[in-house]
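Notes follow the structure.
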Amino acid sequence: MDTANKHKQLIVTVSPHIKSEDSVSRIMWTVNISLLPAFVMGVYFFGPKALYITVLCIITSLLSEYVLTKSRKKSTISDGSAFLTGLLLGMNLPASLWSFNPFTIHIPIIGSIVAVVIAKHLFGGLGYNVFNPALIGRAFALISFPKAMTVWTAPTAAFLSMDAKTMATPLGILKEEGIGKLIEVFGDKINLYTALLLGHRGGSIGETSAIALLIGAAFLLFKRYITWHIPFSFLGTAALLAWVFGGKDPDTGKMLLFSGDPLLHLISGGMLLGAFFMATDYVTSPSLKKGQIVFGIGCGALTMLIRLKGGYPEGVMFAILIMNCFAPLIDRGFKAKVFGAVEAQGIKK
1 MDTANKHKQL IVTVSPHIKS EDSVSRIMWT VNISLLPAFV MGVYFFGPKA LYITVLCIIT
61 SLLSEYVLTK SRKKSTISDG SAFLTGLLLG MNLPASLWSF NPFTIHIPII GSIVAVVIAK
121 HLFGGLGYNV FNPALIGRAF ALISFPKAMT VWTAPTAAFL SMDAKTMATP LGILKEEGIG
181 KLIEVFGDKI NLYTALLLGH RGGSIGETSA IALLIGAAFL LFKRYITWHI PFSFLGTAAL
241 LAWVFGGKDP DTGKMLLFSG DPLLHLISGG MLLGAFFMAT DYVTSPSLKK GQIVFGIGCG
301 ALTMLIRLKG GYPEGVMFAI LIMNCFAPLI DRGFKAKVFG AVEAQGIKK
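Numbering (this note's numbering), first residue to last: 1 to 349.
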């Protein structure tokens, strides 16, 4: 080889060839930061109980992660994934769980252990889990302790208050007594929408304030850590089905087509928290854009099926977990184009 071509050698390296400064740790901690507005609003409305429950979930998740990774001599508690699992689980729990009663305080601990040990590490750790760990922890808690998990604390908007007055969630009232009763409870539709947007209503700690969740979601979209494909297809499908099938005759209770309230369903319950922060989980959702749209449509359809026809007033958690099962199959159905492949006489080489 002559000297002129010495510096023109073709160097073949292992993929990926396009690299980014965004590490797993940076992404995880950014998602944690994006959840802070919703978490702060949850603590504001539900008081110290919300803070204690969430911190307990985070500490238990970090300790579980540390114990499991210590034996491998490679601690991963600093990458933010275990912290995020604990934070999301805590935000998905009712504030009423905090009590000095030993029959309720252990629920966040058990849920966190199940999330990290079973849902995450028994599958191989971060990047190998099939299901969203925080949702598995919540599902286990709901199935194991259904009574405690369905008692909702009324918001007090007073941080130092430890009062435990209970109230039904908007979706619970809608499910049991209809839209008329829901509007009666809040006064009128304007007050209802205002309460849902700000967070002054019953529900899980981190799901109540729609505005706070949208602020965090906008930050993630701006940072390009998530794309529009899953959340918008999720919310769009849910809104469409809510409008078509969500209406009822106030006198007979029979379904009225094309008369539902899509906005009510979009900003109620865990819709926004699930669509932007849990359905978009890199590991448990499809990696290709077309597959992500199908995934989001499935989540939205299952959520509304459960809300409108199922036994539970809320269906976001079950919808995402069910679609997690189909994520690998969806990816297989939308294979990415192989660069360098050519077709000759109808045969791809």
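No residue lacks a Cβ here, since even glycine has one placed at the ideal position from N, Cα and C. Being a predicted model, the structure only gives us computed values, none of them experimental.
For residue i, the first and last residue of its enclosing alpha helix (DSSP H)
i    : result
T208 : No alpha helix (DSSP H) holds T208; DSSP gives it neither H nor E.
T293 : A quick correction: the sequence has Ile, not Thr, at residue 293. I293 -> alpha helix (DSSP H) spans 289-309.
I26  : Ile is not the amino acid found at residue 26; the sequence shown has Arg there. Where R26 is concerned, the enclosing alpha helix (DSSP H) stretches over 24-34.
A82  : 81-91
S61  : 48-70
P146 : 146-149
E184 : 170-186
I190 : 189-198
Cutoff 7 Å; reference residue i; Cβ partners in own chain excluding five residues on either side
i    : result
L308 : F245, G246
K335 : none
V24  : D79
V316 : G269, G270, M271, G274, T303
F186 : L192, A195
Cut-off 8 Å between Cβ atoms - residues of its own chain near residue i, not counting five sequence neighbours on either side
i    : result
F326 : F295, G298
L51  : V43
I53  : G90, L93, A95, L97, W98, P108, I205
Buried versus exposed, by CB contacts within 10 Å (16 or more), residue i
i    : result
R332 : exposed
S285 : buried
V67  : exposed
E65  : buried
G300 : buried
F46  : buried
N129 : buried
R201 : buried
Cβ shell of residue i (< 6 Å), same chain only, five flanking positions each side left out
i    : result
S233 : I293, G296, I297
T104 : L97, A148
Three-state secondary structure (DSSP) of residue i
i    : result
K248 : strand
M255 : strand
I262 : First, the residue type needs correcting, since residue 262 is Pro and not Ile in the sequence shown. In the structure shown, P262 sits in a helix (DSSP, three-state: H, G or I).
P133 : helix
P313 : coil
P328 : helix
T104 : helix
T153 : strand
T166 : strand
P286 : coil
8 Å contact criterion, which residue i and residue j should meet: CB distance rounded
i    : j    : result
S96  : T208 : So it is not a contact: roughly 14 Å between Cβ atoms.
G270 : N132 : 12 Å between Cβ atoms; not a contact.
A217 : F276 : 4 Å
T237 : G203 : Wrong, their Cβ atoms sit about 22 Å apart, outside the cutoff.
L221 : L272 : So it is not a contact: roughly 13 Å between Cβ atoms.
D261 : I190 : Between I190 and D261 the Cβ distance is about 13 Å, and since that is not below 8 Å, they are no contact.
V116 : T85  : 6 Å
L263 : Y312 : So it is not a contact: roughly 21 Å between Cβ atoms.
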